[in-house]
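Encoded as structure tokens, the structure appears first; notes follow it.
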Amino acid sequence: MNIATTKARIFDLGLSDYDKAHQLQLQMVDKRIAGESQDTFIFTSHPPTITVGRGGGNENILVADEILAQRGVKKFEIERGGDVTFHGPGQQVIYPIVDLDQRGRDLHKFLRDLEEVVIVFLKNYDIIGERSVGKTGVWVGDKKICAIGIAVKRWVSYHGLALNLATDLNFFQLINPCGFAPDSVTSLEQLSGQPTDKAKVFFQLTNAIEQVFEVKLVL
Numbered sequence: 009m010n011i012a013t014t015k016a017r018i019f020d021l022g023l024s025d026y027d028k029a030h031q032l033q034l035q036m037v038d039k040r041i042a043g044e045s046q047d048t049f050i051f052t053s054h055p056p057t058i059t060v061g062r063g064g065g066n067e068n069i070l071v072a073d074e075i076l077a078q079r080g081v082k083k084f085e086i087e088r089g090g091d092v093t094f095h096g097p098g099q100q101v102i103y104p105i106v107d108l109d110q111r112g113r114d115l116h117k118f119l120r121d122l123e124e125v126v127i128v129f130l131k132n133y134d135i136i137g138e139r140s141v142g143k144t145g146v147w148v149g150d151k152k153i154c155a156i157g158i159a160v161k162r163w164v165s166y167h168g169l170a171l172n173l174a175t176d177l178n179f180f181q182l183i184n185p186c187g188f189a190p191d192s193v194t195s196l197e198q199l200s201g202q203p204t205d206k207a208k209v210f211f212q213l214t215n216a217i218e219q220v221f222e223v224k225l226v227l
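For the sequence shown, the numbering used here begins at 9 and goes up steadily by one.
Following this line, the structure appears as structure tokens:
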């Protein structure tokens with residue numbers, strides 16, 4: 009396969025319920041496995057939601073389920089790697105449905121590529137995104153701006169990354185995000201001091217995906 013000339017699809021869900029987006033991912037994974045679709049990058053955001061990955065547990069949720077319900081926060085235990093994280097409005101979530109069999113079956117490189125997408129994106133704002141040894145995600149200084157956790161079925165990826173743009177960071181006080189302290193997160197708006205331009209962000213992120221994954225994105 010000539011990766012440099014490969015087309016991949018963008019699927020923009022806008023704001024979507026977490027469970028519906030999860031079901032869509034599973035359907036698209038099965039289609040990709042069957043060869044009925046191409047690689048797809050799903051763009052979305054979710055209402056306030058806490059997800060618990062395979063590496064996590066409820067001990068990193070700091071309040072009772074009743075409090076979550078009062079705050080309008082849903083909770084899901086899911087099959088991705090990683091610990092506990094928060095999704096909410098003002099966050100850009102990207103779910104890559106990618107056939108890793110055509111990319112060397114290298115999960116570590118795939119995770120590093122997802123990090124690189126965010127690092128390249130942040131350069132548009134003169135913000136230096138960094139990796140942390142032994143951890144997955146992107147940091148700015150000692151604050152995490154992007155959480156990453158994936159799952160794979162027959163070498164097709166799903167789940168993905170959650171990038172804080174204009175996220176209400178107060179919601180992170182409900183959890184130890186990815187096992188870290190609640191105040192260990194940041195957002196693009198907090199760092200830049202400027203409101204987020206959604207259209208501009210979408211353009212910059214798609215450009216970063218094309219650069220890192222060497223694909224041409226189409227609607």
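Here a beta-carbon is modelled for each residue, glycine too, at the ideal position from N, C-alpha and C.
Cα-Cα separation between residue i and residue j, rounded to whole angstroms
i: His116; j: Glu74; result: 38 Å
i: Leu119; j: Asn178; result: 27 Å
i: Ser53; j: Val92; result: 17 Å
i: Glu85; j: Gly61; result: 6 Å
i: Gln35; j: Phe51; result: 16 Å
i: Tyr133; j: Gly43; result: 38 Å
i: Phe180; j: Ser192; result: 9 Å
i: Val81; j: Asp25; result: 11 Å
i: Ile217; j: Gln198; result: 24 Å
i: Leu95; j: Gly22; result: According to the sequence as given, residue 95 is His; it is not Leu. Approximately 13 Å between the Cα atoms of the pair.
i: Ile18; j: Thr59; result: 24 Å
Below-8 Å beta-carbon distance, residue i vs any chain B residue
i: Leu227; result: Absent from the structure: chain B. Only one protein chain is present.
Beta strand (DSSP E) segment containing residue i, residue limits
i: Tyr103; result: Gln99 to Ile105
i: Ala155; result: Lys151 to Lys161
i: Ile217; result: Premise fails: Ile217 lies in the alpha helix (DSSP H), Lys206 to Phe221, not in any beta strand (DSSP E).
i: Lys131; result: Careful: Lys131 lies outside any beta strand (DSSP E) and carries neither H nor E.
i: Ser165; result: Val164 to Asn172
i: Leu23; result: Thr14 to Leu23
The alpha helix (DSSP H) enclosing residue i, as first and last residue numbers
i: Thr52; result: Careful: Thr52 lies outside any alpha helix (DSSP H), inside the beta strand (DSSP E) at Thr48 to Ser53.
i: Ile41; result: Tyr26 to Ile41
i: Leu76; result: Asp73 to Gln78
i: Glu87; result: Premise fails: Glu87 is in no alpha helix (DSSP H) and is neither H nor E.
Distance between beta carbons of residue j and residue i, contact taken as under 8 Å
i: Thr175; j: Gly98; result: 4 Å
i: Gln46; j: Ala16; result: 6 Å
i: Phe49; j: Asp121; result: The Cβ separation is near 12 Å, so there is no contact.
i: Ser165; j: Leu225; result: Incorrect: roughly 16 Å between the Cβ atoms, too far for contact.
i: Ala155; j: Gly145; result: 5 Å
i: Gly157; j: Gly65; result: Contact flag wrong, Cβ pair sits at about 14 Å.
Neighbour-count burial assignment, residue i, 16 or more Cβ in a 10 Å radius
i: Met9; result: For Met9, the predicted model reports a pLDDT of 47, less than 50, meaning its position is unreliable; a value from the coordinates is still stated below. Exposed, since its Cβ has fewer than 16 Cβ neighbours within 10 Å.
i: Leu219; result: The residue asked about is misnamed: residue 219 is Gln in this sequence, not Leu. Exposed, by the Cβ-count rule.
i: Lys206; result: exposed
i: Ile136; result: exposed
i: Gln100; result: buried
i: Gly149; result: exposed
i: Pro104; result: buried
Top-ranked residue by Cα proximity to residue i, from the options
i: Leu196; options: Gly80, Thr59 and Leu171; result: Leu171
i: Asn68; options: Gly89, Ile183, Gln33 and Ile158; result: Ile183
i: Asp27; options: Gln78, Lys83 and Gly89; result: Lys83
i: Ala159; options: Gly168, Pro56, Lys152 and Ile153; result: Gly168
i: Leu130; options: Arg88, Leu173, Gly90 and Val106; result: Leu173
i: Gly63; options: Glu87, Ala29, Ile18 and His95; result: Glu87
i: Arg111; options: Ala77, Asn215, Ser200 and Trp163; result: Trp163
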